[in-house]
Amino acid sequence: MLSRTADNLYWLSRYMERADCLARILDVTQRLAQLPAAYGGSTNEWRSALLTAGCADLFKQVHGEETNEQNVVNFLAFAPENPSSIRNCFEIARTNARSVRTALTMEMWETINSAWLELKRYSTKNMTREELARFLSFVKETSLRFDGAAYRTMLRNDAFWFSRVGMYVERADNTARILDVKYHVLLPDSEHIGGPLDYFQWASILRSVSALTSFHWVYRESVKPWLVADLLILNAQMPRSLTSCYQNITRYLDDIAAYYGRQGSAQRLARSTLTKLGNSRMEDIFQTGLHEFIDSFVFENNRLGSTVTEQYLL
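By full-length UniProt numbering, the letter at position 258 of the sequence shown is numbered 258, and the numbering carries on one by one without gaps.
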């Protein structure tokens, strides 16, 4: 496969996964913003949405300190000046898909193309919360359709493996960011850990990654921060956990290596990160600092993305 084709497939999947994550971030932020005062008063949830998406600095350049619902929703969903807005993610994904049209199945292409056409119907002007909820559902459903089409219709060859690696690298980054922002930013200084606001926020985080039901299946007790972190970091049964993501990344990178007949630094780095996750315990992570652990993980995950690019996509 040409490196350009592999690059387009890799980033196509990353941008589709990123759009899905942004929709989930906006969905959970809207839920938190509608909390009654009895749960603890005002919080900085809209700022936390920007931090989770990694767009806080760029937002400040465009809107200054006006971190309100309308500005944040517009910036993360529709703003052309935000390269990672949902609209731009879909546009870049469609552009990449057109470049490798012959490497995609008909179902994958139709999902992306129809989503791009449907996206043009949505506008930020006077968008109500009900309309925003419909828009976010549309984005999440599009991502699920694309993922399902890829999984059920693509040949298990290098095209499939590169697209899977891209998706799981992006998913791991997003899961880590969601955890980090909740633990350090979302809870107001006046609130106590374990209080009603803290509980509701952790439950909302689980909903944002479709994991609330799974949490109760696994732990069978009330929502606690260390259990949520355990589910989203170390539990391989959870599809969005960091461990699950790296099991899949390692698997598909090994498939690529076997196909091309050579291992490389990307495979070694993926296995190293997976081994570190496998040897970690939640008690040790919280003792040394969840923020520090996630910072290190995000750095290594970005390093893996760069290594994959250098090894295969240039």
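Note that the Cβ used here is the ideal one computed from N, Cα and C, for glycine as well.
query: When the Cα atoms are used, what is the spatial distance from A258 to F293?
result: Sequence index remark: in the sequence shown, residue 258 carries index 258 (1-based). Sequence index remark: in the sequence shown, residue 293 carries index 293 (1-based). Each residue's Cα considered, the two are about 32 Å apart.
Closest residue to L119 among V169, I86 and T102 (Cα-Cα distance): Within the sequence shown, numbered from 1, the residue matching residue 119 stands at position 119. Across the set V169, I86 and T102, the C-alpha of I86 shows the shortest separation from the C-alpha of L119.
message: On a Cα-Cα basis, can you pick out the residue from L9, Y15, L132 and R129 that is closest to R101?
response: Here residue 101 refers to the residue found at position 101 of the sequence shown. From the listed residues L9, Y15, L132 and R129, the smallest Cα separation to R101 is found for L9.
- prompt: Hey, A211 and L231: beta-carbon distance below 9 Å or not?
  reply: Within the sequence shown, residue 211 is the residue found at index 211, counting from 1. Within the sequence shown, residue 231 is the residue found at index 231, counting from 1. Yes; because the gap between Cβ atoms is below 9 Å, this pair is in contact.
- prompt: Are the CB atoms of A150 and F160 nearer to each other than 9 Å?
  reply: Residue numbering aside, residue 150 sits at position 150 when the sequence shown is read from its first letter. Residue numbering aside, residue 160 sits at position 160 when the sequence shown is read from its first letter. Against a cut-off of 9 Å, the Cβ pair of F160 and A150 comes out as a contact.
- request: Select from R271, V181 and Q247 the residue whose C-alpha is nearest the C-alpha of H291.
  value: As a first step, residue 291 must be located in the sequence shown, where it is residue number 291. The shortest Cα separation from H291 among R271, V181 and Q247 belongs to V181.
- prompt: In this structure, does DSSP put N157 in helix, strand or coil?
  reply: The residue given as residue 157 occupies position 157 in the sequence shown. In the structure shown, N157 sits in coil (DSSP, three-state: anything other than H, G, I, E or B).
- prompt: How is G148 classed by DSSP in three states: helix, strand or coil?
  reply: Mapped onto the sequence shown, residue 148 falls at position 148. Shown here, G148 sits in a helix according to DSSP, grouped into three states.
message: So the candidates are S208, G305, R240 and A133; which of them puts its Cα closest to the Cα of A172?
response: Here the question's residue 172 lines up with position 172 in the sequence shown. Nearest C-alpha to A172: R240.
message: Among the candidates K224, T273 and Q263, whose CA atom is the shortest distance from the CA of N248?
response: For this step, residue 248 is matched to residue 248 along the sequence shown. From the listed residues K224, T273 and Q263, the smallest Cα separation to N248 is found for T273.
message: As a quick exercise: from V72, R94, W109 and T250, pick the residue whose alpha carbon is nearest that of A266.
response: The residue given as residue 266 occupies position 266 in the sequence shown. Per the C-alpha coordinates, the member of V72, R94, W109 and T250 positioned closest to A266 is T250.
query: Does the separation of the CB atoms of A270 and Y246 fall below 9 Å?
result: In the sequence shown, residue 270 corresponds to position 270, counting from 1. In the sequence shown, residue 246 corresponds to position 246, counting from 1. In this structure, A270 places its C-beta atom within 9 Å of the C-beta atom of Y246.
- prompt: Are there 16 or more other CB atoms within 10 angstroms of the CB of S13, so buried, or fewer, so exposed?
  reply: Indexing the sequence shown from 1 puts residue 13 at position 13. Under this definition S13 is a buried residue.
message: With distance defined between alpha-carbon atoms, name the residue in L144, C21 and F75 nearest to S123.
response: What you label residue 123 is simply residue 123 of the sequence shown in a count that begins at 1. When only C-alpha atoms are compared, the closest one is F75.
message: I need the boundaries of the alpha helix (DSSP H) containing F218, first residue and last residue.
response: For the purposes of this step, residue 218 is taken as residue 218 along the sequence shown, with counting starting at 1. This sequence places Val at residue 218; Phe is not what is there. L212 to Y219 is the span of the alpha helix (DSSP H), which, as asked, contains V218.
- prompt: Looking only at C-alpha atoms, which of L32, R129 and M167 sits nearest to G305?
  reply: As a first step, residue 305 must be located in the sequence shown, where it is residue number 305. Minimum Cα distance to G305 is reached at M167.
query: Considering only residues of the region 19-103, which uninterrupted alpha helix (DSSP H) runs meet the minimum length of 4 residues and lie entirely inside it, listed in chain order?
result: Taken in chain order, the complete alpha helix (DSSP H) segments of 4 residues or longer contained in the region 19-103 are 45-53, 56-63, 69-77 and 86-99.
query: Can you tell me whether DSSP reads R171 as helix, strand or coil?
result: To locate residue 171, count along the sequence shown from 1; it is residue 171. In this structure, R171 counts as helix in the three-state DSSP scheme.
- prompt: Is it right to say E81 is buried, meaning 16 or more other beta carbons lie within 10 angstroms of its own, or is it exposed?
  reply: Here the question's residue 81 lines up with position 81 in the sequence shown. By the Cβ neighbour-count rule, E81 is exposed, with fewer than 16 other Cβ atoms within 10 Å of its own.
- prompt: When burial is assigned at 16 or more other CB atoms within 10 Å of the CB, is D295 buried or exposed?
  reply: Indexing the sequence shown from 1 puts residue 295 at position 295. It is exposed - the Cβ of D295 has fewer than 16 other Cβ atoms within 10 Å.
field: Per-residue DSSP class, three states only, for K140
entry: Within the sequence shown, numbered from 1, the residue matching residue 140 stands at position 140. Reduced to three states, the DSSP call for K140 is helix.
query: According to DSSP, is Y122 helix, strand or coil?
result: Here the question's residue 122 lines up with position 122 in the sequence shown. Of the three classes helix, strand and coil, the one that applies to Y122 here is coil, per DSSP.
- prompt: What's the call for S222, buried or exposed, on a 16-neighbour Cβ count within 10 Å?
  reply: Against the sequence shown, residue 222 aligns to sequence position 222. Looking at its Cβ environment, which holds fewer than 16 other Cβ atoms inside 10 Å, S222 is exposed.
Close beta carbons around L67, own chain, < 6 Å, minus the five adjacent residues each side: As a position in the sequence shown, residue 67 is number 67, starting the count at 1. First, the amino acid is wrong: residue 67 is Thr here, not Leu. Cβ neighbours of T67 beyond the five flanking positions: W46 and R47.
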